[in-house]
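Asks: Please read through the structure below; I'll follow up with questions.
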Amino acid sequence: MTDAWLITNAELVNEGRRRHADLRIRDGRIDEIGNGLRPFTGEQLLDASGLWLLPGLIDDHVHFREPGYTAKADIASESRAAIAGGVTSFIDMPNTDPPTLTHALLEDKYAIAARSSVANYAFYFGASNDNLDAIRALDPRRVPGVKVFLCESTGNLCVSDPQALEGVFRDSPVNVVVHCEDDAIIHANLDRAKAQYGDDIPMRMHPRIRSREACFASTRWAVETARRHGTRLHVLHVSTADELALFEPGPIGGKKITAETCVHFLRFTDADYDGYGGRIKCNPAIKAASDRDALLRALADTRIDVLATDHAPHLQEEKQRPYTRCPSGIPLIQYALQSTLEHVLDGALTLERVVEAACHAPAILFGIRGRGFVREGFHADLVLVDPDTPHTVRKEEVLSKCGWSPFEDDTFRTSIAATFVNGHLAARRGRLLDPNPGMRLEFDR
Ligand SMILES: [Zn+2]
């Protein structure tokens with residue numbers, strides 16, 4: 004089935020510029036970008052007057068839970084939530100069951116995605132205490148990176164052996180992406196909280212247990228170790244103002260050490276724990292308003308390179324449990340772009356910078372072939388945003404398998420008008436049409 008489209012009168016936001024443009028899609032690719040383009044026979048027309056046209060988002064940090072935790076989420080359900088929200092490609096984490104610690108298990112995940120994903124996909128390899136040989140043998144053109152957990156979180160993939168850690172930083176042929184929190188600090192804080200509150204720890208203690216000190220100590224160690232070995236290090240989900248001193252502003256192409264922050268750290272603060280309870284419990288924890296503001300500034304000034312979601316669904320029933328039994332993680336992907344655009348409308352970020360951090364930067368960081376930019380010849384992964392039609396999130400429209408969202412009943416000032424994946428119109432006005440299978444991401448490096 005061929006999808007030939009002519010999108011007219013869009014406000015194209017790409018590579019630091021905004022301009023009015025028409026765009027032709029043919030054979031899954033962006034065929035032509037220009038002004039006054041005339042439709043060819045057989046082309047479908049989409050008048051994008053008043054709409055922003057952006058590259059589809061590339062989310063370099065998701066937990067789609069498959070295999071192993073498919074009661075919470077699976078690749079089919081979460082990739083649908085992704086494209087409804089304008090995310091056309093994702094890179095999924097290895098803390099599944101079984102964890103992605105061998106090449107065969109990695110290819111199993113690719114096979115599941117080939118059958119079920121409607122977004123484009125890639126999977127990180129996991130590091131353990133004893134799989135360094137498998138990491139050394141990873142093909143950089145086929146695998147985006149290796150994920151290292153420096154602490155316990157969902158799935159218990161913590162790399163505790165210092166020699167194994169050094170080995171990964173020294174020898175990985177692909178980007179090392181890392182979850183930084185210091186376990187010893189967290190355990191000491193948790194013990195203190197248990198002594199004080201027993202089994203009834205208030206949720207607002209979460210950022211004091213998974214504290215800023217735990218984040219800083221671990222991130223500093225990772226950055227120093229990466230400097231020593233010349234590692235390509237990507238620090239995931241930076242959550243504190245303190246850690247920002249460890250990173251530098253500048254174009255991502257010139258950096259070996261990069262930082263990511265996530266949608267929820269820019270939206271929620273520790274003042275929200277009393278109202279949201281376990282629904283916004285995640286690791287690292289959402290911290291203070293001053294952290295949120297510093298993270299927004301750092302994202303704006305390129306000290307933080309990438310904006311991702313850390314989309315991590317759990318069941319509603321699980322999220323209602325008391326603190327110590329409430330799992331960490333939030334489903335975010337379907338509303339990630341709309342939530343972020345609120346900061347654009349508030350003046351904290353430019354639209355061009357959002358496109359850079361959520362589309363261009365992941366493409367550059369991992370060398371993703373033919374995606375992340377609106378360029379002739381590139382895959383036609385595109386999102387059209389309607390900046391003038393507000394959208395109130397309804398529980399019934401949540402596509403994540405867990406069936407809930409922290410944004411329920413929130414009104415965003417923008418809505419997602421359409422998402423194209425590989426040139427195919429896959430979602431319109433938040434509704435899925437008849438999406439095609441996604442494609443495996445490829446890496447030029
Ligand atoms: Zn994560």
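Going by our numbering, the letters in the sequence shown line up with residues 4 to 448, in that order. From the three backbone atoms N, C-alpha and C, an ideal C-beta is built for every residue, glycine too. No experiment lies behind these values; they were computed from the predicted model shown.
Please list, in chain order, all residues of the same chain as Cys285 whose beta carbon is under 6 Å from its beta carbon, the five residues on each side excluded.
Replies: Correct list, in chain order: Ser331, Gly332 and Ile333.
Asks: Quick check: the Cα distance between Pro287 and Tyr127, rounded to an integer number of angstroms?
Replies: For Pro287 and Tyr127, the distance between alpha carbons rounds to 19 Å.
Asks: Can you name the residues that DSSP bridges to Leu48?
Replies: Leu9.
Asks: Have a look at Thr44 and Val151 and give me their C-alpha separation to the nearest angstrom.
Replies: Going by the C-alpha atoms only, they are around 51 Å apart.
Asks: Excluding five sequence neighbours on each side, which residues of the same chain lie with their C-beta closer than 6 Å to the C-beta of Met4?
Replies: A caution first: Met4 carries a pLDDT of 48, below 50, which makes its placement in the model unreliable, though a value can still be read off. If we look at Met4 and ignore the five residues flanking it on each side, it has no Cβ neighbours.
Asks: Using DSSP's beta-bridge definition, name the partner residues of Leu385.
Replies: Answer by DSSP bridge pairing, in chain order: Pro58 and Phe423.
Asks: Can you tell me the Cα-Cα spacing of Leu48 and Pro42, whole angstroms?
Replies: Rounded to the nearest angstrom, the two C-alpha atoms are 7 Å apart.
Asks: Tell me which same chain residues have a C-beta within less than 6 Å of the C-beta of Asp437, skipping the five on either side of it?
Replies: Answer for Asp437: no residue qualifies.
Asks: Would Asp447 be called buried (16 or more neighbouring beta carbons within 10 Å of its own) or exposed?
Replies: Asp447 is exposed by the Cβ-count criterion.
Asks: In the DSSP assignment, find the alpha helix (DSSP H) that holds Ser163 and state where it starts and stops.
Replies: It is not in any alpha helix (DSSP H) - Ser163 carries neither H nor E in the DSSP assignment.
Asks: Just the C-alpha distance for Thr327 and Ile283, rounded to the nearest angstrom, thanks.
Replies: If I take the Cα positions, the gap works out to 14 Å.
Asks: Can you look up Gly37 in the DSSP assignment and give me helix, strand or coil?
Replies: The answer is strand: DSSP assigns Gly37 an E or B state.
Asks: Provide the residue(s) that pair with Arg230 in DSSP beta bridges, ordered along the chain.
Replies: Answer by DSSP bridge pairing: none, since Arg230 is not bridged.
Asks: Closer than 7 Å by C-beta to Ala297: which residues in its own chain qualify, once you throw out the five before and the five after it? Chain order, please.
Replies: So the list reads Ala244 and Leu247, once near-sequence residues are dropped.
Asks: Between the beta-carbon of Ser90 and the beta-carbon of Leu354, is there less than 8 Å?
Replies: It is Val, not Ser, that sits at residue 90 in the sequence shown. No. Outside cutoff.
Asks: Short check: CB of Pro390 to CB of Thr417, under 8 Å?
Replies: Yes, the Cβ-Cβ distance between Pro390 and Thr417 is below 8 Å.
Asks: Go ahead and pull the three-state DSSP assignment for Gly170.
Replies: It is helical.
Asks: Just to check my reading of the structure: Ala74 and Leu402 have Cβ atoms closer than 8 Å, yes? What is that Cβ distance to the nearest angstrom?
Replies: So it is not a contact: roughly 16 Å between Cβ atoms.
Asks: Just checking His240 against ligand 1 - is the residue's beta carbon closer than 7 Å to any of the ligand's heavy atoms?
Replies: Correct: His240 has its Cβ closer than 7 Å to ligand 1.
Asks: Under the DSSP definition of a beta bridge, which residues are partnered with Asp25?
Replies: Gly37, per the DSSP bridge assignment.
Asks: How close, in whole Å, do the beta carbons of Pro101 and Ala125 come, if the pair is a contact with beta carbons under 8 Å?
Replies: The pair is not a contact, with the Cβ atoms about 19 Å apart (cut-off 8 Å).
Asks: Quick check: does the Cβ of Ala76 come within less than 7 Å of any heavy atom belonging to ligand 3?
Replies: Within the structure as shown, ligand 3 is missing, the only ligands being ligand 1.
Asks: So for Tyr124, helix, strand or coil by DSSP?
Replies: Three-state DSSP puts Tyr124 in a strand.
Asks: May I have the straight-line CA-CA distance separating Leu56 from Glu345, to the nearest angstrom?
Replies: So the two alpha carbons sit approximately 17 Å from each other.
Asks: According to DSSP, is Met4 part of a helix, a strand, or is it coil?
Replies: Since pLDDT at Met4 reaches only 48, below the 50 mark, its modelled position is unreliable, and the value read off the structure follows with that caveat. Note: Met4 maps to coil in three-state DSSP.
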